[in-house]
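Adding 119 to a residue's 1-based position in the sequence shown gives its number in our numbering. All C-beta atoms, glycine included, are put in the ideal place defined by N, C-alpha and C. In this text, all values refer to a predicted model and were calculated from it rather than measured experimentally.
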Amino acid sequence: MQLIFEWDVNKARRNLTKHGVSFEEAKTTFNDPFLLTFPDEFHSETEDRFVSIGYSGRQRLLLVVHTEQAQDNELLIRIISSRHATAAERMTYEASA
């Protein structure tokens with residue numbers, strides 16, 4: 120299945136300023152073979168959101184909030200936000216790998 124990424128350009132700019140993580144880097148976490156993904160139950164009122172934790176291409180452990188929509192042989196991933204993983208999130212990731 121091919122992954123297709125999209126995001127709001129203004130949101131991406133704000134995310135980079137606030138968290139120091141670009142959405143271009145965030146999308147590379149989906150190449151992590153140990154990527155951990157689970158539903159974001161607290162923020163899924165209007166759409167199903169997911170949280171993924173994985174290493175980026177820059178070898179930084181990131182948390183990425185996103186939506187997913189399957190279309191034919193593609194998975195459309197819309198990145199909502201991304202930041203460095205906290206110590207607790209790092210422990211969760213390492214325990215699952």
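Check the DSSP bridge columns for residue i and list the partner residues they point to.
i: His185; result: Phe169, Ile198
i: Pro158; result: Phe169
i: Phe124; result: Ile196
Check whether the Cβ atoms of residue i and residue j sit closer than 9 Å, and answer yes or no.
i: Phe142; j: Gly173; result: no
i: Leu155; j: Thr205; result: no
i: Leu194; j: Gln188; result: yes
i: Pro158; j: Arg168; result: yes
Would you grab the beta carbon distance between residue i and residue j for me? Rounded to a whole angstrom, and I think it's under 8 Å.
i: Asn129; j: Ser200; result: Contact doesn't hold; Cβ gap of about 13 Å is too wide.
Give the DSSP-derived three-state secondary structure of residue i in the structure shown.
i: Leu135; result: helix
- Task: Flag this pair as touching only if the region 197-212 and the region 171-186 have three or more C-beta atom pairs under 8 Å; answer yes or no.
- Result: yes
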